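Notes follow once the structure below has been shown.
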Ligand SMILES: Cc1cc2nc3c(=O)[nH]c(=O)nc-3n(C[C@H](O)[C@H](O)[C@H](O)COP(=O)(O)O)c2cc1C
């Protein structure tokens, strides 16, 4: 880790006979940064990597939207995946959202020309607008259409194809119908976020279904969903010992030091790490609202009270926000 983060004493506690603070993360395990539109783009990834190199193994980018006839190479569209914006060692997998076969082939070729070896297809975005356009999770109820897309694309593109899936739109039958297709085609891997699209982010993740699905697919599976603490990770690792790929989204934004906690037996003083990341993000932040969005997550991990958070939300400039954030953290860390 760059910088001097103070290491606190290790805490061991027991619950249901398992020792959760024991490290269950093994050398085979990989941590993957989840794609989060407007949050985990290249500026965030670079800031994170600069401060905490080699702690996250790879990142899937927020989706690039593909639409018929609009994919000629444009620097704006590909800004997030341009190599000059992605110079860290972290492996980057570009993600696309759409349903047009020719457009997907064009994008894959463009990504190949940028040096990428894998493209991830979003079959999980749950928002109404996306569902209505038969994109993201909206495709999950139409198994034949997904098969046509995979069949039409997979042997025509110079890079590997992976999928990021929910269990279904309204019912988990959707993913079960997809299993023979996942098993038949040479898909690189699948990321499963075990919720339905209608559940958005609220329901409990369906671990029983996840367990059943992974016993039926012959591809490498990445687990994604609700890893907010080391205890969450350890519970999942105990239940799914064959899984080695773990994608973390909101948990990483809430607590950017979570990957350290998962990987080690040490506990870190979060405030210093988050403040360092805040300072790094501030260097490239284009608006105060962007920083407020990050603080809506950081505040959860640091347990910042509502009234203090509302001070951050009322800031109108980056300088003001920086000052208030530092005041809040200083008060919190005062002994
Ligand atoms: C604000 C926000 C933006 C997201 N953007 C994307 C995206 O561009 N592509 C994608 O596949 N998933 C996206 N997701 C879903 C996450 O990648 C992840 O699957 C989900 O948050 C569950 O993981 P978590 O519990 O670790 O956060 C987004 C989620 C949130 C909350």
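Residue numbers (the working numbering): 562 to 896.
For every residue, glycine included, the Cβ atom is placed at its ideal position computed from N, Cα and C.
As the structure is a prediction and not an experimental result, all values here were calculated from the model.
Any non-hydrogen atom of ligand 1 closer than 8 angstroms to residue i Cβ
{"i": "residue 837", "result": "no"}
{"i": "residue 646", "result": "no"}
{"i": "residue 729", "result": "no"}
{"i": "residue 596", "result": "yes"}
{"i": "residue 767", "result": "no"}
{"i": "residue 829", "result": "no"}
{"i": "residue 888", "result": "no"}
{"i": "residue 870", "result": "no"}
{"i": "residue 686", "result": "yes"}
{"i": "residue 898", "result": "Coverage of the chain is limited to positions 562 through 896, which leaves residue 898 absent and any answer about it impossible."}
{"i": "residue 654", "result": "no"}
Straight-line gap, residue i to residue j (C-alpha atoms, nearest Å)
{"i": "residue 739", "j": "residue 874", "result": "44 angstroms"}
{"i": "residue 715", "j": "residue 707", "result": "12 angstroms"}
{"i": "residue 687", "j": "residue 895", "result": "42 angstroms"}
{"i": "residue 674", "j": "residue 888", "result": "47 angstroms"}
{"i": "residue 600", "j": "residue 668", "result": "22 angstroms"}
{"i": "residue 609", "j": "residue 757", "result": "30 angstroms"}
{"i": "residue 578", "j": "residue 800", "result": "With a pLDDT of 41 at residue 578, under the threshold of 50, the predicted position of this residue should be treated as unreliable, though the coordinate-derived value follows. If you take the alpha carbons of residue 578 and residue 800, they lie about 14 angstroms apart."}
{"i": "residue 655", "j": "residue 854", "result": "23 angstroms"}
{"i": "residue 705", "j": "residue 729", "result": "14 angstroms"}
{"i": "residue 810", "j": "residue 786", "result": "8 angstroms"}
{"i": "residue 827", "j": "residue 865", "result": "22 angstroms"}
{"i": "residue 959", "j": "residue 768", "result": "The question about residue 959 has no answer, for the chain in this structure spans 562 to 896."}
{"i": "residue 886", "j": "residue 603", "result": "23 angstroms"}
{"i": "residue 680", "j": "residue 868", "result": "43 angstroms"}
9 angstroms Cβ cutoff met for residue i and residue j
{"i": "residue 710", "j": "residue 701", "result": "no"}
{"i": "residue 890", "j": "residue 835", "result": "yes"}
{"i": "residue 816", "j": "residue 583", "result": "no"}
{"i": "residue 596", "j": "residue 725", "result": "yes"}
{"i": "residue 638", "j": "residue 621", "result": "no"}
{"i": "residue 774", "j": "residue 746", "result": "no"}
{"i": "residue 798", "j": "residue 585", "result": "yes"}
{"i": "residue 819", "j": "residue 789", "result": "yes"}
{"i": "residue 893", "j": "residue 863", "result": "yes"}
{"i": "residue 778", "j": "residue 744", "result": "yes"}
{"i": "residue 713", "j": "residue 666", "result": "yes"}
{"i": "residue 627", "j": "residue 678", "result": "no"}
With 16 other Cβ atoms within 10 Å as the buried cut-off, status of residue i
{"i": "residue 735", "result": "buried"}
{"i": "residue 648", "result": "exposed"}
{"i": "residue 658", "result": "buried"}
{"i": "residue 690", "result": "exposed"}
{"i": "residue 776", "result": "exposed"}
{"i": "residue 645", "result": "exposed"}
Any chain B beta carbon closer than 9 angstroms to residue i
{"i": "residue 769", "result": "Protein chains in the displayed structure number just one, and chain B is not present."}
beta-carbon residue i near ligand 2 non-hydrogen atom, thresh 8 angstroms
{"i": "residue 606", "result": "In terms of ligand content, the structure shown lacks ligand 2 and carries ligand 1 instead."}
Quiz prompt | Whole alpha helix (DSSP H) elements within the stretch 609-686, 4-residue minimum | solution = Those alpha helix (DSSP H) runs which fall completely within the stretch 609-686 and span 4+ residues are 662-674.
Quiz item: In chain order, which alpha helix (DSSP H) runs of at least 4 residues are fully inside the stretch 810-892?
Solution: Listed in chain order, the complete alpha helix (DSSP H) runs (minimum 4 residues) inside the stretch 810-892 are 811-815, 819-824, 831-845, 849-862 and 867-874.
Exercise. At 4 residues or longer, and completely inside the stretch 718-767: list those alpha helix (DSSP H) runs for me, N to C.
Key: The stretch 718-767 contains these whole alpha helix (DSSP H) runs: 734-745.
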